[in-house]
Amino acid sequence: MVLGAIEIIGITLLSAVIAASAQYLYKRGIAKFRFSLKEIINEFKKRDILLGGTLYIVSLAVYLYALDNAPLISFVYPVFASTFVFVLLISKLVFHERINLHRVAGMALIILGIAVISLTFPAV
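Add 152 to a position in the sequence shown, counting from 1, and you land on the number used in this note's numbering.
Spelled out as structure tokens, the structure:
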């Protein structure tokens, strides 16, 4: 089955949303982290950290499927950059972090870049 641009965008965005969700779970699950073997082992035992890791694996599987069906450098990887947009939204909406104008401008550029790149996707 040959996938078109809309399907590849959807699959890649799904992978990005899953990866951003993993970041959310990591942030929610992490305590005051210190770099020691004991601390690392304790962190990996936490439910949110384990679920975040699982979501990363799922995100990777979806991403690999997109890679198998579209060009990496010219399409899949730039669309996957939408992960930054989703993380910004989670940061603001869930963690109530301050988002400055520079970050908003950066996110707008990422979205614009995705739109421009999607126009260059080869017709199949």
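For glycine and all other residues, C-beta sits at the position ideal for the given N, C-alpha and C.
Isoleucine 170: buried (16+ other C-beta within 10 angstroms of its C-beta) or exposed?
Buried is the call here.
DSSP state of asparagine 194 mapped onto helix, strand, coil:
Helix, per DSSP.
Close beta carbons around leucine 271, own chain, < 8 Å, minus the five adjacent residues each side
Here leucine 271 has no same chain residue with a Cβ atom under 8 Å from its own Cβ, once five neighbours each way along the sequence are excluded.
Can you look up histidine 277 in the DSSP assignment and give me helix, strand or coil?
Since the first residue shown for the chain is 153 and the last is 276, residue 277 is missing from the structure and cannot be characterised.
Helix, strand or coil at arginine 186 according to DSSP, with G and I counted as helix
It is coil, neither helix nor strand.
Would serine 211 be called buried (16 or more neighbouring beta carbons within 10 Å of its own) or exposed?
Buried: at least 16 other Cβ atoms inside 10 Å.
I need the straight-line Cα distance from leucine 241 to alanine 222, nearest angstrom please.
Near 27 Å, if we compare the C-alpha coordinates of alanine 222 and leucine 241.
Using beta-carbon positions only, say whether leucine 166 and valine 214 come within less than 8 Å of one another.
Result yes, Cβ atoms of leucine 166 and valine 214 sit closer than 8 Å.
Thinking just about the alpha-carbon of each residue, which of Gly265, Met259, Leu177 and Ser188 is nearest to the one in phenylalanine 227?
Nearest option by C-alpha distance: Gly265.
Just to confirm the assignment, what range does the alpha helix (DSSP H) spanning proline 230 have?
Element bounds for proline 230: 229–232.
With distance defined between alpha-carbon atoms, name the residue in Ala168, Leu216 and Val239 nearest to arginine 255.
It is Val239 whose Cα lies nearest to the Cα of arginine 255.
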